[in-house]
Every structure is written in structure tokens, then in C-alpha cells.
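Worksheet: one structure, shown below.
Right, here's the structure in full:
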């Protein structure tokens, strides 16, 4: 009936997230809505806005310490910072990721521009950019009980008592195979393999790296190193993403504008 949807919402409040179950007496629409509501992820909480600043600075000693010092003195929270030389002799590039209100970030940009070694400060916060971050993570492929045994003094004796060598080897190979498949899904590379650890390299966006770390955490993360965000703006024209860039901002065709000389006085 026309009131079936209203009756369903009154009987099934949105706040309750129940497991989907097959009800023979329920209609197909009711069952479909129950499944959709259950599998719909909860909206994340609002996070602090992220701002990306790219500083072109003179390649000389002490520039990095002056940049971090002025940020710390003003109370700005630096999320990541990447600094390196460029292809131009005497010019270095620093990419800072800051979190905070837009007004405070505008003050940070002006204070960075006032530094003598800084040539220019580029704000990529609202620019279509290519961003990448590198990750090196060492993951365990040994069973948890074997890891605990290796910490104690009688590690080898306890390991032999609980798990046979062949069984432990086969189990580590299964975990290695699963980890390699997971790395392939994220376009990662396995750089080093030992009898109980694996080192994986990944170059992707920060959100993708966060997702990868969550998935490999059950294996056991021994070490993890992240490079920080690197950013570069997309080309203005002639790229495969040109149509996507032009979509949000409508362009004005000046040829279609009316001729003001033909208007009456």
C-alpha cells in the first residue's frame, strides 16, 4: 500500500542497526531496505580541514629549522613535512600539511612568506593536485604463539613443543601468500622476505595507505615508516583529466556576450 514505507520506518527506527535476517512473511521491499540500512556505513565525524602549503626556499643550512620554528612558535600543528632539493641548483622545496581553520592557515602562509630564504609559498588546499605518500612496513608472517616463544629464553624448545617445523613453515607460507595478494590489490611491492617477516613498499594517497595499514594490522606490524605527503598540481590543459577539471567551474564564452554598442542609449 502507499503507507507501507511510513509504517516500516515507524516499526524500524534508523538508530538500531540490526543484523539482516530472512523473514518469509516480509515483503521483498522491506527485506531490501533492511539490507541497505545495515550495510550502509555510518558517516564519519567532521575532521579538521587539511591545508597543503608548498614552500620554494633557498637551499641553505637552517631553512628547515626556521620554518618549523616559526610554526611551533605560533602553535600551528604540522601533520607532515617533506623537504628535498629540486632540479634547479640552489632551490629546495618543502611540502607542509597543516590542520586547522582557514583563517589561521592564511596567517601561517603570510608568516612563511616573510622569511628571507623563502621565495614563494603556494597554497594547494583547494587545487586539483596529484598527491602521493610512500610507505615501508615490516609485517610478521609467523604465528602469534611462535612470536611469543621467541621472546623468552626457551624460545626454540617451546616452538618445537607446540608446532612442528614443517607445519610452521607451511603456515608462514600461507600468511605470505595472503600478504602478497593484499599488496597486489594496493599496487604494492614486496621488497624483502625472511622466514618470519616481510617488508612491503607502497606508494599511494594517504587515505589508501591508512586503509592498507588497517588490513595488515592483524598480521602483526613490526615497523612502519611513512614519507609524508608529496603534492604537485595537475596541468592546466591537455591532460586526460581536463574535462573533469572544467566541470566544477563553468567557463564564460566571451564570444556569446552581447555587443554593448548595439544597445540603445
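Numbering (this note's numbering), first residue to last: 14 to 278.
Here a beta-carbon is modelled for each residue, glycine too, at the ideal position from N, C-alpha and C.
Just so you know, these numbers come straight off a predicted model, no measurement behind them.
* Which same chain residues, not among the five before or five after residue 124, have their C-beta less than 7 Å away from its C-beta? -> Excluding residues within five positions, the ones whose Cβ falls inside 7 Å are 83 and 87.
* Leaving out five residues on either side along the sequence, give the residues of the same chain with a beta carbon under 8 Å from the beta carbon of residue 104. => Only 69, 70, 71, 72, 98 and 132 meet the Cβ criterion.
* To do: Grab the span of the alpha helix (DSSP H) containing residue 98 for me, first residue to last.
  => Premise fails: residue 98 lies in the beta strand (DSSP E), 90–98, not in any alpha helix (DSSP H).
* **Straight-line gap, residue 151 to residue 234 (C-alpha atoms, nearest Å)** => Taking the straight line joining both Cα atoms gives about 6 Å.
* **Nearest-angstrom beta carbon gap, residue 93 and residue 226 [assumed within contact, 8 Å]** => With 8 Å as the limit, residue 226 and residue 93 do not qualify as a contact, their Cβ atoms being about 15 Å apart.
* With DSSP run on the structure shown, which of helix, strand or coil describes residue 71? -> Correct three-state label for residue 71: strand.
* **Spatial distance of residue 197 from residue 54 (CA atoms)** => Rounded to whole angstroms, the gap between the alpha carbons of residue 197 and residue 54 is 26 Å.
* Asked: Rounded to whole angstroms, how far is the Cβ of residue 240 from the Cβ of residue 147, which I believe are closer than 8 Å?
  -> Yes, they are in contact, since the Cβ atoms of residue 240 and residue 147 sit about 4 Å apart, within 8 Å.
* To do: Spell out the partners DSSP gives residue 139 in its beta bridges.
  => BP columns for residue 139 are empty, so no partner.
* Alpha carbon to alpha carbon, how far is residue 56 from residue 44? -> Roughly 23 Å between the two C-alpha positions.
* For the alpha helix (DSSP H) holding residue 43, just list the boundary residues, first then last. => Residues 41–52.
* Asked: Is residue 228 closer than 8 Å to residue 195 when the C-beta atoms are compared?
  -> Cβ atoms of residue 195 and residue 228: closer than 8 Å.
* Residue burial classification, residue 8 (beta-carbon count within 10 angstroms, cutoff 16) -> Since the first residue shown for the chain is 14 and the last is 278, residue 8 is missing from the structure and cannot be characterised.
* Asked: Would you report the Cα separation of residue 62 and residue 144, rounded to the nearest angstrom?
  -> When rounded, the separation of the alpha-carbon atoms in residue 62 and residue 144 is 16 Å.
* For residue 231, the three-state DSSP class (helix, strand or coil) -> Residue 231 falls in the helix class under three-state DSSP.
* Assign residue 239 to one of three DSSP states: helix, strand, or coil. => Strand at residue 239.
* If we ignore side chains and look at the alpha-carbon of each, how far apart do residue 106 and residue 205 end up? -> Annotation: residue 106 to residue 205 spans about 31 Å, alpha carbon to alpha carbon.
* To do: Please list the segments of the beta strand (DSSP E) lying wholly inside the stretch 98–133, counting only runs of 3 or more residues, in order along the chain.
  => Listed in chain order, they are 104–112.
* Asked: Does the Cβ of residue 201 have 16 or more other Cβ atoms within 10 Å, making it buried, or fewer, making it exposed?
  -> Flag for residue 201 reads buried.
* **residue 192 versus 180, 215 and 179, residue with shortest Cα-Cα distance** => When each option's Cα is compared against that of residue 192, the closest is 215.
* To do: Could you name the residues that DSSP lists as bridge partners for residue 210?
  => Bridge partners of residue 210: 153.
* Use the C-beta contact count for residue 257: other C-beta atoms within 10 angstroms, 16 or more gives buried, fewer gives exposed. => The predicted model places residue 257 with a pLDDT of 47, which falls under 50 and marks its position as unreliable; any figure quoted below should be read in that light. Exposed, by the Cβ-count rule.
* Rounded to a whole number of angstroms, what is the C-alpha to C-alpha distance between residue 118 and residue 64? -> Between the alpha carbons of residue 118 and residue 64 lies a gap of roughly 7 Å.
* Where residue 153 falls, given that 16 or more other Cβ within 10 Å makes a residue buried -> Within 10 angstroms of the beta-carbon of residue 153 lie 16 or more other beta-carbons, which makes it buried.
* To do: Run the CB neighbour count on residue 230, radius 10 Å, all protein chains shown included, and call it buried at 16 or more, exposed below.
  => It is exposed - the Cβ of residue 230 has fewer than 16 other Cβ atoms within 10 Å.
* Cα-Cα separation between residue 112 and residue 130, rounded to whole angstroms -> Here the alpha carbons of residue 130 and residue 112 stand approximately 24 Å from one another.
* residue 162, buried or exposed, once every other Cβ within 10 Å from all chains shown has been counted against 16 -> Note that residue 162 has pLDDT 48, beneath the 50 cutoff, so the model's placement of it is unreliable and no number is given.
* From residue 110 to residue 213, what distance separates their C-alpha atoms? -> Taking the straight line from one Cα to the other gives about 25 Å.
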